[in-house]
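To keep things clear, I will list the structure first and then write my remarks on it.
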Amino acid sequence: MEKKQSSGVFGKVSAFFKGIVANLAEIGTTFIEGDWKTKVSYVIMGFGPLMRKQFLRGAAFLAIEIGFIYYMVAFGAHYLKDITTLGTQGRGFNPDGTVRYGDNSFLILLFGLLSIVLILVFIIVWRMNISENRREEKRLKEGKPLPTVKHDIMSLLDEKFGLTLLAIPTLGIFVFVVLPIIFMICIAFTNYDANHQAPAQLFTWVGLENFKNLFSFGTTGFGGTFITILIWTLIWAFFATFLNYFMGMAVAILINKKGIKFKKLWRTILVMTIAVPQFVSLLYVSKMFAADGLVNAYLMKWGIIKSAIPFWTNATMAKILIIVINLWVGIPYVMLVCTGLLMNIPEDLYESARIDGANPLQMFIKITLPYMLFVTGPFLLTQFTGNLNNFNVIYLLSGGGPQHMKLVGGAGYTDLLVTWLYKMTINDTNYKMAAVIGIMVFAVTAVVSLVVYSILPSVRDEEGFQ
Amino acid sequence: MKKRVIALAVSAAMVLSMLTACGGSTTETQAPATDAPAATEAPAADGGADETTAAPADVDYGSGEITIWVAENVQSFTDEQVAAFMEANPQYAGYTVRTEPVGEGDAANNMITDVEGGADIFGFAQDQLARLVSAGALMPITGDYATFVAEQNDAGAAGAAKMGDTTFAFPMTSDNGYFLYYDKSVVTDPSSLDAIVADCEAAGKSFYMEINSGWYQPAFFFGAGCTLTYDSDDMGNFTNCNIDYATDKGLTALKAIINLHKSPAFVNGSSLSSATNVGAIVDGTWDSGAAQDLFGDNYACAKLPTVTVDGTTFQLGGFGGFKLIGIKPQTDANKMAVCLALAQYLSSADVQIARYKAAGWGPSNLTAQQSEDVKADVALSALAEQLALTIPQGQYPNDYWSLATSLGDTVIAGEYDNATDDELMAVLQEFETTCKSYAGQ
Amino acid sequence: MKEQKLHMQHRKLTNGIAYAVLILISAIWLFPFVCLVLQSFRSYTEGNGGMVNYLLPKKFSLDSYKFLFGPDSQFFKWYGNTLIIASFVAIFQTIFILAVSYALSRFRFKGRQLLMRFWLILGMFPGFLSMICLYFLLKQFGLTQAGAVPGLILVGFASSGMGYYVCKGYFDTIPKSLDEAARIDGANRAQIFAILLLPLSKPIVIYTALVAFMAPWCDYIFASYIAFGYSNSYNVAVAMYRWVNTNDYQGYFTRFCAGGILIAVPITILFMCLQKYYVEGVTGGAVKG
């Protein structure tokens with residue numbers, strides 16, 4: 005891994021192009037040197053393997069080609085042809101009042117992209133089809149037998165079992181994650197918003213217009229708001245992660261303490277916050293702290309305060325309260341993770357420290373903490389990136405509010421980037437800006453993760469932990 | 053490598069077959085229906101509405117399913133009315149009608165997400181009209197049906213169903229306004245805001261008004277004499293903004309809001325079911341049942357009070373709003389005819405009176421408004437008094453509601469508590485500029 | 012002797028403090044749930060099923076539960092939908108995650124690192140943006156609205172392979188020498204996976220299934236996007252969330268609390284029974300990420 009990274013971007017790019025040239029060369033030589041079966045395979049995929057009695061492989065190639073052609077003719081080409089304009093024919097009404105739908109920019113973009121991706125996949129499969137032919141010819145020339153169908157199937161359960169296992173999950177990720185993400189990235193370069201919605205109206209490519217808007221700092225520009233929200237997102241993620249982490253660990257140590265009984269009971273009580281759906285518990289907690297909620301009512305009844313504490317309407321107070329309530333949400337989970345780990349620390353480490361006269365705090369700092377930080381590094385990282393996108397806690401507690409005249413786009417002071425972009429899509433149908441912000445969320449998360457990832461010892465050394 | 057080939061083959065073949073299998077459904081919707089019969093406009097309404105919707109029984113209307121979205125509390129009522137409609141119009145027997153409880157706010161969001169997947173007929177609050185039109189979720193109502201809308205309903209309701217010069221919906225209620233519910237044992241003088249707040253403070257009760265909502269907030273601004281309206285074309289685009297918030301009148305209104313927020317009795321909110329310890333609340337007719345239960349014998353309603361700031365006294369105004377029934381654009385002329393007839397029926401005088409009796413919704417139909425039951429209603433009379441002081445709610449860009457929330461939240465956060473007139477004027481100026489920017493000004 | 016006694020006393024004192032802290036923590040953690048339970052038993056006549064600003068109901072009754080079990084409510088339809096979705100998602104997601112984790116833990120193929128990094132990066136895109144896109148993809152297959160239940164199952168597990176971290180971490184801790192030994196005995200990798208590894212992985216299987224099972228109970232956003240306009244296809248979260256967030260629903264607050272309790276009780280019991288495995292799974296796996 006290390007060596008590859010050090011070769012640098014330039015090296016990678018040149019290697020990439022060298023690879024393409026080498027591939028093209030091989031495609032050429034295979035065609036020239038190959039027999040007629042191989043040559044036919046250039047047009048009818050899988051023809052060579054079928055003729056060489058490689059039925060499984062040949063049929064797979066052929067099926068892919070037929071499927072691909074059918075898809076393109078029946079479905080894909082129709083959308084693909086309009087992808088540069090995203091449609092030109094608007095909606096209209098017939099004289100009798102019925103609607104005449106024109107081009108649907110949304111579907112053109114979605115299925116146009118799908119078609120492009122499938123074309124790329126098809127090219128790769130076609131390339132594999134050629135290598136397969138070349139390999140078979142080579143083996144036959146050397147007088148070696150080709151693998152039988154039975155052998156093919158068996159190897160799927162043995163040395164290729166990993167790929168068998170990965171095939172369907174990878175396909176699922178492609179359709180339900182990769183394709184939508186490509187789509188949303190594309191949306192950031194279009195004018196898809198409340199005034200350009202399919203199927204009634206067309207939207208089209210606008211280049212970097214939306215990114216300019218994000219970084220414009222006028223009264224209606226998104227720049228100032230974006231910076232404000234970004235900063236709060238980072239502050240939130242930091243506190244939400246590390247406060248939970250240390251306090252969760254403290255609770256775990258407390259429960260693990262020698263002589264404490266009913267360990268399971270304490271844990272179970274805490275764990276209830278995981279078991280009860282957040283939309284129930286957090287909504288209730290949110291109402292508890294409302295101006296006319298339980299907490300204010302009792303405080304006033306007992307004469308502690310005269311007027312309601314503005315828990316949710318004062319920005320600073322709302323932020324603090326959210327972080328505090330998040331302790332309630334997050335501590336149990338950290339506690340569970342830490343419980344088992346703490347028991348893994350060898351007891352004799354503590355014993356020898358105790359003999360040296362260390363007090364509990366010193367033991368914690370010298371022994372427990374370094375060990376825990378080492379083993380929970382990746383956990384902390386996923387917690388941090390999870391908190392950057394922690395939609396539920398913010399949305400259910402404060403809904404992102406309070407809003408302010410200084411913030412545009414419906415943003416509030418406790419909005420995270422992710423809740424802001426959600427509001428933008430649902431309330432304002434402002435997909436173009438939401439997509440831009442989505443890309444920014446990605447950028448922030450990716451930068452944080454990659455920096456942390458590369459310095460975590462336990463991640464780098466994947467094999468060394470067994 | 054070989055296994056990857058096979059894996060890919062299997063998986064790709066799966067995707068392809070799944071996608072191609074469904075390819076047909078999208079192309080279908082592209083088919084233009086230019087040569088469909090043009091004679092499907094049902095003869096419509098000049099008088100008593102429902103009987104006139106009957107078309108010649110020998111026309112074949114085909115068959116299909118019609119989905120209706122209505123608020124949950126009128127769902128069973130709507131079911132009954134639909135059954136009555138189908139019975140009276142046997143020529144539509146090929147159609148099955150399904151109602152779904154979808155709230156008026158959700159209805160607009162859902163229709164905008166996917167027009168094709170949305171309901172054929174749906175109820176919505178009129179502030180969503182512009183969004184729905186620009187998303188293509190409403191078909192224009194033309195000919196006799198448009199005349200029906202214009203002639204049978206009060207002017208505000210008929211205007212609210214229009215974008216530009218085109219009518220897009222059938223008015224269903226004109227009760228989407230707000231007024232004051234109060235507890236007689238707490239509030240002695242409902243005509244002055246200062247007195248109400250003082251009474252609530254003294255009794256340890258709360259006064260509720262949702263000042264961070266773009267709907268309740270104009271009670272102050274419009275009451276003080278300010279204007280905020282938008283002009284729009286019939287595509288749902290805003291072309292012009294008429295606003296004068298950044299004036300002395302606007303300043304008075306903003307100060308009144310700030311003064312209200314300073315009272316310890318004030319709570320921001322307008323939903324009776326999530327309110328506690330209520331002395332008085334600014335709310336609409338939809339909460340009248342809950343208010344009656346809550347206040348019991350002390351239940352009382354009134355128009356909004358007056359408010360005094362720096363020696364000037366003005367009456368709180370606000371919006372008079374409407375609920376509408378819309379039809380999504382249809383590809384089938386026969387189904388469209390049925391939908392039009394059904395939507396018209398659901399907004400007709402008799403059904404509006406029945407709906408008032410079943411759920412307390414105040415009618416928009418002129419005939420229905422004159423019915424004795426409607427006239428006798430306490431909440432509706434308070435509303436009627438208040439509506440005389442309001443402007444019919446036109447169309448506002450979605451951003452406006454969010455901007456108004458920002459203004460309200462900033463007040464509630466206490467940031468303007470000690471602001472000078474100049475600072476407040478700067479805020480109003482910014483508000484005005486931003487409002488204009490939504491109309492491209 | 013004396014020192015030991017002192018030590019004992021010291022320990023008693025610290026344990027006393029520890030117990031005090033634990034009781035305080037438990038009280039804080041349980042408080043909202045106690046409130047929920049109390050509200051769910053509040054009589055409908057008291058505050059019209061809406062919000063109140065005191066804790067103890069003046070009149071206890073089963074009104075809210077009667078409503079949920081009664082004919083006016085589709086609560087059990089929604090509950091059933093969620094149960095179906097959660098069960099299927101739990102089964103398929105566990106299969107997917109186990110498959111991916113085993114492959115990534117035990118096989119070293121070209122592009123493995125690349126694939127893992129790619130998936131890591133994919134996880135950094137906010138999922139909400141995909142919602143509208145997924146809606147139209149599912150719609151092509153007829154899996155929205157009327158078909159939303161299978162649609163939600165499909166979306167629930169289809170991309171779950173990306174969540175392999177904890178499970179792979181767990182597999183990584185099982186020594187590879189076991190695999191080698193089995194291979195010498197003539198087992199192929201599929202057999203090793205099924206016969207050798209799975210029985211050793213009970214905690215992580217239970218952990219994975221439990222996490223997958225719980226997610227659909229909380230899905231109030233995506234599910235409402237997919238199922239809109241078809242109350243028969245709602246899951247319980249979508250339906251209940253509307254009770255407290257849509258203005259048409261007056262007086263549903265106590266019913267909301269009661270519904271919440273009806274969801275929480277079975278899941279909590281499930282959790283309590285399986286807690287041991289959950290802890291083992293999460294500690295075995297989370298640390299390796």
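Chains as they are written, first to last, in the numbering used here: chain A, 5 to 470; chain B, 53 to 493; chain C, 12 to 300.
Don't be surprised by glycine CBs; every beta carbon is placed ideally from N, CA and C.
The model shown is predicted, which means the values in this text are computed figures rather than measured ones.
Excluding five sequence neighbours on each side, which residues of the same chain lie with their C-beta closer than 6 Å to the C-beta of B:Gln421?
-> Pro415
Would you mind sorting B:Pro449 into buried or exposed? The rule is 16 or more other CB atoms within 10 Å of its CB.
-> buried
Nearest chain C C-beta to A:Lys22 closer than 9 Å, yes or no?
-> no
Got a sec: which bits of the segment 253–266 of chain C sit with their beta carbon under 7 Å from any beta carbon on chain A, in order along the chain?
-> Val255
Quick one: which residues of the segment 127–146 of chain C get their C-beta closer than 8 Å to a C-beta of chain B? List them in chain order.
-> Ile143, Tyr146
What residues from chain A crowd round B:Ser265, counting only those whose CB sits closer than 8 Å?
-> Within 8 Å Cβ-Cβ: nothing; B:Ser265 doesn't reach chain A, min ~11 Å.
Would you report the Cα separation of C:Gly271 and B:Leu324, rounded to the nearest angstrom?
-> 22 Å
Of the residues A:Ala241, A:Thr418, A:Met276, A:Lys310, the one placed nearest A:Leu392, counting alpha carbons only = A:Ala241
Verify the CB distance criterion: does A:Met188 have a CB-CB separation below 9 Å to chain B?
-> no
Quick one: Cα of B:Leu356 to Cα of B:Asp335, how far?
-> 10 Å
Quick one: which chain A residues come within Cβ less than 8 Å of C:Glu291?
-> Gly344
Use the C-beta contact count for B:Lys375: other C-beta atoms within 10 angstroms, 16 or more gives buried, fewer gives exposed.
-> buried
Grab me the residues of A:Arg139's own chain with a C-beta within less than 6 Å of its C-beta, minus the 5 sequence neighbours each way, in chain order.
-> none
Neighbourhood of A:Phe20 by C-beta, 6 Å cutoff - its chain only, sequence neighbours within 5 removed = none
What is the DSSP secondary structure of B:Gly116, counted as helix, strand or coil?
-> strand
How about C:Gln156: is its C-beta nearer than 9 Å to some C-beta of chain A?
-> no
Residues near C:Lys287 in its chain [Cβ-Cβ closer than 7 Å; skip 5 each side] = none
In terms of residues, what are the limits of the alpha helix (DSSP H) holding A:Lys305?
-> 298–305
Between the segment 379–390 of chain B and chain A, which residues of the former have CB atoms less than 8 Å from a CB of the latter, in chain order?
-> Pro381, Gln382, Thr383, Asp384, Ala385, Met388
A:Asn248 CB to nearest chain C CB: under 9 Å?
-> no
Anything in the segment 142–159 of chain B with a Cβ closer than 7 Å to a Cβ of chain C? List those residues in chain order, please.
-> Glu152, Pro153, Val154, Gly155, Gly157, Asp158
Which of the three DSSP states, helix, strand or coil, is assigned to B:Lys375?
-> strand
Give every residue of the same chain whose Cβ lies closer than 6 Å to the Cβ of B:Phe347, excluding the five residues on either side of it in the sequence, and list them in chain order.
-> Asp235
Grab me the residues of B:Ile310's own chain with a C-beta within less than 6 Å of its C-beta, minus the 5 sequence neighbours each way, in chain order.
-> Val463, Tyr468
Alpha carbon of A:Val179 to alpha carbon of A:Ile189, nearest angstrom | 15 Å
Which of helix, strand or coil does DSSP assign to C:Ser188?
-> helix
Could you check what DSSP says for A:Thr168 in three-state terms: helix, strand or coil?
-> helix
Minimum Cβ-Cβ distance from C:Phe282 to chain B less than 9 Å | no
In whole angstroms, what separates the C-alpha of B:Val479 from that of C:Leu35?
-> 47 Å
Using a Cβ-Cβ cut-off of 6 Å (strictly less than) and excluding sequence neighbours within five positions of A:Gly52, which residues of its own chain qualify?
-> Lys41, Thr42, Ser45, Asn137
Which value, in whole angstroms, describes the spacing of the CA atoms of A:Ser402 and A:Leu420?
-> 11 Å
Residues of the segment 416–440 of chain A with Cβ closer than 8 Å to any Cβ of chain C, in chain order | Leu421, Val422, Leu425, Tyr426, Thr429, Tyr435, Ala438, Ala439
Who are B:Tyr282's beta bridge partners in DSSP?
-> B:Cys293
Could you give the DSSP three-state label for C:Phe120: helix, strand or coil?
-> coil
Any residues in the segment 263–280 of chain A with a beta carbon nearer than 8 Å to a beta carbon of chain C? Which ones, in chain order?
-> Gly263, Ile264, Lys268, Trp270, Arg271, Thr272, Ile273, Leu274, Val275, Met276, Thr277, Ile278, Ala279, Val280
What separation, rounded to the nearest whole angstrom, lies between the Cα atoms of C:Ser235 and A:Gly225?
-> 32 Å
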